[in-house]
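Okay, so here's the structure we're looking at.
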Amino acid sequence: MSLKANIRKAENQDLDFVYKAICELENEVLDFEVFEMIFNENISSPKNLYIIAENETEGLGFISFHTQNLLHHCGLVGEIQEFFIHQKYRGQGVGRLLINEILNFAEQNNLKSIEVTTNKKRVENVAIYENLGFTLSHNKFTIYR
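When you line the sequence shown up against this note's numbering, it's residues 15 to 159, in that order.
The structure is reproduced here in structure tokens:
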């Protein structure tokens, strides 16, 4: 089943929706003041694309996409940083609509690749990303401070 949704760039007034979405995604309450500062900085950067999916009454999902020129790709690469679909709208095509916007942006800007990382505890995401056309091609290592 596919849901009708409006897709648009995130704006300053989307802060509360995005904050709640990311807190739910990370299963923690994040520092709102720091979050707000980073959100405003990121949505104002032309290197980033932040997109909201909504219906007439509420936000359905959100995706953030950052780009950078990388030496080992000899060009521009994009990475999905956060990808959230409200639980009651999952499996209804909202994620595909958001990914399609990223794919269009990547094509218009001649990106070499699109990357996404998912936490190992989110095992179900591997199949979701593969279904969206991603290939499991790398390992990511992290040092937390």
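Think of the CB as a built atom: it goes at the ideal place given N, C-alpha and C, for glycine as much as any other residue. Please read these numbers as outputs of a predicted model, since none were measured by experiment.
Reduced DSSP category for residue i - H, G, I as helix; E, B as strand; rest coil
{"i": "Gln95", "result": "strand"}
{"i": "Lys34", "result": "helix"}
{"i": "Ile52", "result": "helix"}
{"i": "Ile21", "result": "strand"}
{"i": "Asn26", "result": "helix"}
{"i": "Glu42", "result": "coil"}
{"i": "Ile157", "result": "coil"}
Cβ-based burial, residue i [other Cβ within 10 Å; buried from 16]
{"i": "Tyr158", "result": "exposed"}
{"i": "Thr81", "result": "buried"}
{"i": "Phe76", "result": "buried"}
{"i": "Ala24", "result": "buried"}
{"i": "Val48", "result": "exposed"}
{"i": "Phe46", "result": "exposed"}
{"i": "Ala19", "result": "buried"}
{"i": "Val43", "result": "exposed"}
{"i": "Ile128", "result": "buried"}
{"i": "Asp28", "result": "buried"}
{"i": "Leu125", "result": "buried"}
Whole-angstrom C-beta distance between residue j and residue i, which should lie under 8 Å
{"i": "Phe119", "j": "Ala35", "result": "With 8 Å as the limit, Phe119 and Ala35 do not qualify as a contact, their Cβ atoms being about 20 Å apart."}
{"i": "Ile21", "j": "Glu121", "result": "Not really, about 16 Å apart at Cβ, beyond 8 Å."}
{"i": "Leu17", "j": "Tyr103", "result": "6 Å"}
At what residue ranges does the segment 61-146 contain a whole run of the alpha helix (DSSP H), taking only runs of 4 or more?
108-122 and 138-145
Pairing CB atoms from the segment 59-73 with CB atoms from the segment 143-150, are three or more of them under 8 Å?
Judged by Cβ distances under 8 Å, the segment 59-73 makes no contact with the segment 143-150, as fewer than three pairs qualify.
With contact counted as at least three CB pairs below 8 Å, one residue from each stretch, are the segment 103-112 and the segment 65-74 in contact?
yes
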